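Taken in order, the sequence shown gives residues 1430 to 1878; the numbers are from my numbering.
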Amino acid sequence: MMTTQELTEGLQGRILTGTDELLRYSSDASRAIPQGLPLAVLAARTTQEVAAGVRWAARNSVPVSVRGAGTGLAGGAVAYPGGLVISLAEMDAILSIDPGNRLIEVQAGVVTADIDAAAAEYGLMYAPDPASYRQSTIGGNIATNAGGLRCVKYGVTTDSVAALEVVLADGEIIRTGSKTRKNVVGYDLTSLFVGSEGTLGIVTGATLRLKPRPAGTAVTFRATFPSAASAGRAVTAIMNSSIVPDVLELMDRASVEIVEKYHPTGLSTDGAAILVGQFISPASEADATVASRLCKEAGASDVDQAEGDVLLEARRVSGKALDARGLRASCDVAVPIARLADMFEALEKISADENVAIPTFAHAGDGNLHPSVVIEDESAEAYAEAERILDLITDQALQLGGTISGEHGVGSLKFASVSKQLDPATRAAHQRIKNAFDPHGILTPGRGV
Ligand SMILES: Cc1cc2nc3c(=O)[nH]c(=O)nc-3n(C[C@H](O)[C@H](O)[C@H](O)COP(=O)(O)OP(=O)(O)OC[C@H]3O[C@@H](n4cnc5c(N)ncnc54)[C@H](O)[C@@H]3O)c2cc1C
């Protein structure tokens, strides 16, 4: 039987093997269930420790799962039975800020919000802001190519990554990208590692691009629609106009009802869907007025406008409200912007055909939807039924030219659905890349692609 003696001796004080600790590091925030306890957790503090852990795992053919904060929703960080968990959470140093070049250099375990706070001291910001940004690590964001509310204007994580330090499956340490704005030397390995979900290498450090913090007054608008499809048409109109929202989010009636029960914000449940958008710029008042007009033209019955964040509150608490409502299974599909209305119509049809509520909130400006199926009990049958309905939703998104994951990644939960999106030749090309970086298949095996 495999023992951890050699590992413990080589990485003094960094190896956890207590049952409570192993349990704590076994699962993530998803509904994926660990199949058994790992052998050990490496709570790394340096890149060299990560490399030593990977070399040990490679020598002993031990599967490795990589972990930031464990807020992932796709089961990617769940431990393997008898495996090694490599946790980056303690590699949480901000190494340098270079305001002249709008760059910040960090270790992989830094919490996303701390990067933005450090940038704010220089009037800058780290733009990608997943709703989990007070817990999630930048390594996890990079591995999942995380999105967030501000991403409709500033792009998702990949658009903010300039360079990476990565430990490969044989323990080699490589550096990708550069600090320059332009760079065409070699393949774009930085982009390859972003979104690779711990399957190609372990990100230990990153150089990130910062943006100036937006100046001007924040003006928020909120529009109520008679159907989610008409709200979808408004989103398409706004995203095809010359105004660029800082935030553009949608909640359907079922999610509004759940939010209002959890944390009343005065939202009306009269409409079928609510669209909330924000502009922050010297022209924000005028831009919000244009957006309000486009909403009315698409059929909005009611449009409010206000300064500040108050109209966004309901959207911010929607994830927590759904969790508080009870067990649920949700997905993370995305469709091209011009197909949003079709996707909402399809959701209504699935809900009616299957006689099940599908509360949906969406990073609408990015065409990214989070439909949830509420599960009434914890039985395997109830989960299987929810998965069946989520599959119908996923198939519909694919038919509209969409994707099975807009921001959470494939992880273990969506692994079986990858072949619905990637044809055999494309999937084989992915496998060749995987084999080149990880020939013995020790890094996050059987997940991602
Ligand atoms: C309440 C809530 C709200 C959320 N909102 C959003 C949202 O708005 N947008 C969004 O995109 N996601 C969201 N998420 C999902 C999750 O927070 C993101 O996927 C986040 O990027 C995960 O970061 P983490 O540090 O927790 O990673 P983990 O959960 O620890 O890991 C996630 C994946 O990344 C891999 N990984 C982690 N660190 C590294 C590393 N250093 N090197 C290589 N691979 C690594 C893991 O193996 C795993 O596959 C939300 C989750 C919750 C619970």
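By construction, the Cβ of each residue, glycine as well, lies at the ideal position given by its N, Cα and C atoms. Quantities reported herein were computed from a predicted structural model and do not represent experimental measurements.
Verify whether the separation of the beta carbon atoms of leucine 1872 and glycine 1627 is less than 8 Å.
Taking the first residue of the sequence shown as position 1, residue 1872 is located at position 443. Taking the first residue of the sequence shown as position 1, residue 1627 is located at position 198. In this structure, glycine 1627 lies closer than 8 Å to leucine 1872 by Cβ.
Quick one: which unbroken alpha helix (DSSP H) runs of 4-plus residues sit fully inside the segment 1736-1775? Chain order, please.
1742-1745, 1747-1754
Just reading off the beta strand (DSSP E) that glutamate 1550 is part of, what are its end residues?
Walking along the sequence shown from the start, residue 1550 turns up at place 121. Where glutamate 1550 is concerned, there is no enclosing beta strand (DSSP E), given that its DSSP letter is neither H nor E.
Pick out whichever of Ser1565, Lys1725, Ser1525, Glu1478 has its Cα sitting closest to the Cα of leucine 1639.
Here residue 1639 corresponds to residue number 210 of the sequence shown, with the count starting at 1. Minimum Cα distance to leucine 1639 is reached at Ser1525.
Rounded to the nearest angstrom, how far is the Cβ of alanine 1487 from that of alanine 1598, given a contact under 8 Å?
Indexing the sequence shown from 1 puts residue 1487 at position 58. Indexing the sequence shown from 1 puts residue 1598 at position 169. Rounded, the Cβ-Cβ distance is 6 Å, consistent with contact.
As assigned by DSSP and simplified to three states, the class of aspartate 1867
Within the sequence shown, the letter at position 438 stands for residue 1867. It is coil, neither helix nor strand.
Which of the three DSSP states, helix, strand or coil, is assigned to aspartate 1731?
Here residue 1731 refers to the residue found at position 302 when the sequence shown is read from its first residue. Correct three-state label for aspartate 1731: strand.
Is aspartate 1457 near ligand 3, judged by its Cβ being under 7 Å from some heavy atom?
Absence of ligand 3 is noted for the structure shown, with ligand 1 being the only ligands found.
Rounded to a whole number of angstroms, what is the C-alpha to C-alpha distance between glutamine 1828 and alanine 1473?
The residue given as residue 1828 occupies position 399 in the sequence shown. The residue given as residue 1473 occupies position 44 in the sequence shown. Distance between the alpha carbons of glutamine 1828 and alanine 1473: 43 Å.
How do the segment 1678-1688 and the segment 1788-1807 stand: do at least 3 beta-carbon pairs fall below 8 Å, yes or no?
yes
Give a single yes or no on whether valine 1376 has its beta carbon closer than 7 Å to a heavy atom of ligand 1.
Lying outside 1430 to 1878, the shown extent of the chain, residue 1376 is not represented and no answer is given.
Which of helix, strand or coil DSSP assigns to serine 1721:
Taking the first residue of the sequence shown as position 1, residue 1721 is located at position 292. Note: serine 1721 maps to helix in three-state DSSP.
Which whole runs of the beta strand (DSSP E) in the segment 1546-1603 are 3 residues long or more, in chain order?
1590-1596
Taking only runs of the beta strand (DSSP E) that begin and end inside the segment 1602-1671, which ones reach a length of at least 3 residues, in chain order?
1602-1606, 1631-1638, 1647-1654
According to DSSP, simplified to helix, strand and coil, what is leucine 1471?
Against the sequence shown, residue 1471 aligns to sequence position 42. Looking at leucine 1471 - three-state DSSP - the assignment turns out to be strand.
So, with DSSP's three-state summary, where would you put serine 1490?
Position 61 of the sequence shown, counted from the first residue, corresponds to residue 1490. Coil.
With distance defined between alpha-carbon atoms, name the residue in Ser1607, Gly1830, Leu1679 nearest to alanine 1743.
Within the sequence shown, the letter at position 314 stands for residue 1743. Ranking the options by Cα distance to alanine 1743, first place goes to Leu1679.
Beta-carbon proximity check, alanine 1720 vs phenylalanine 1650, cutoff 8 Å:
Within the sequence shown, residue 1720 is the residue found at index 291, counting from 1. Within the sequence shown, residue 1650 is the residue found at index 221, counting from 1. For alanine 1720 and phenylalanine 1650, yes; Cβs fall inside 8 Å.
Terminal residues of the continuous beta strand (DSSP E) containing alanine 1702?
For the purposes of this step, residue 1702 is taken as the residue at position 273 of the sequence shown. Here the beta strand (DSSP E) through alanine 1702 covers 1702-1709.
DSSP state of histidine 1837, grouped into three classes?
For the purposes of this step, residue 1837 is identified with residue 408 of the sequence shown, where counting begins at 1. In this structure, histidine 1837 counts as coil in the three-state DSSP scheme.
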